[in-house]
Every structure is written in structure tokens, then in C-alpha cells.
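> Mind looking over this structure? Questions follow.
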């Protein structure tokens, strides 16, 4: 970790003690953003799953809340429940039509 910090903070003492200036932090931020940008360029984005809330699924399928609940209970669709809100995988919803 000390080696990495030395890249960001010039004149860092061997014991790691030094006052960090505003310029140091700005340089650190620029370097960090550049590293993130390089990582994103090197790794192509994978197709992300799109998640839909219950209201969106009901609208797409043109069904009622109870019909959506029946699909969930029967196991035809498997949502993720986060903080009391159901999220449905869009690919799984589209697969209902196959």
C-alpha cells in the first residue's frame, strides 16, 4: 500500500507521515479517475440484467396485481425482494412469451 501511495503523494516519508495538501488530494483524485477510466476501457461492459418493478411488469404483461402475485407464487417468475420492493428480471419476463 505504501508503494501505491508513493505514486500519488510526492515526498511521502518512509514512515508515511506527512501533511497532505489540497493539491495532493486533487492529484490523487485525478490519478484515481484515470485509473478507473483505464480499467473501464480494458474491460468491455457485459450485458447488464435490467430489473423492473411490479408496476412496470404489470403494465408490460397487462395483468393485475393478483395475477402477478400468482405468477410469483407458482414459481413462473422469481423476483428479488429488496427493502419490501419486488424486482423482476426483464429477460425472465420476456421468456414467458417463448
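Numbering (my numbering), first residue to last: 4 to 101. Quick reminder that beta carbons are idealized off the backbone N, C-alpha and C, glycines included. These figures come from a predicted structure and were not determined experimentally.
Among residues of its own chain, excluding the 5 on either side of residue 60, which ones have a beta-carbon nearer than 7 angstroms to its beta-carbon?
Same-chain partners within the cutoff: 71, 91, 96.
> Take residue 82 and list the residues in its own chain whose beta-carbon comes closer than 7 angstroms to its own, dropping the five residues that flank it on each side.
For residue 82, where only same-chain residues beyond five positions count, the Cβ hits under 7 angstroms are 75, 89, 90, 91.
> Counting along the chain, where does the beta strand (DSSP E) carrying residue 56 start and finish?
Residues 54-56.
> For residue 84 and residue 93, I'd like the C-alpha separation in whole angstroms.
Near 15 angstroms, if we compare the C-alpha coordinates of residue 93 and residue 84.
> Which value, in whole angstroms, describes the spacing of the CA atoms of residue 37 and residue 53?
Rounded to the nearest angstrom, the two C-alpha atoms are 28 angstroms apart.
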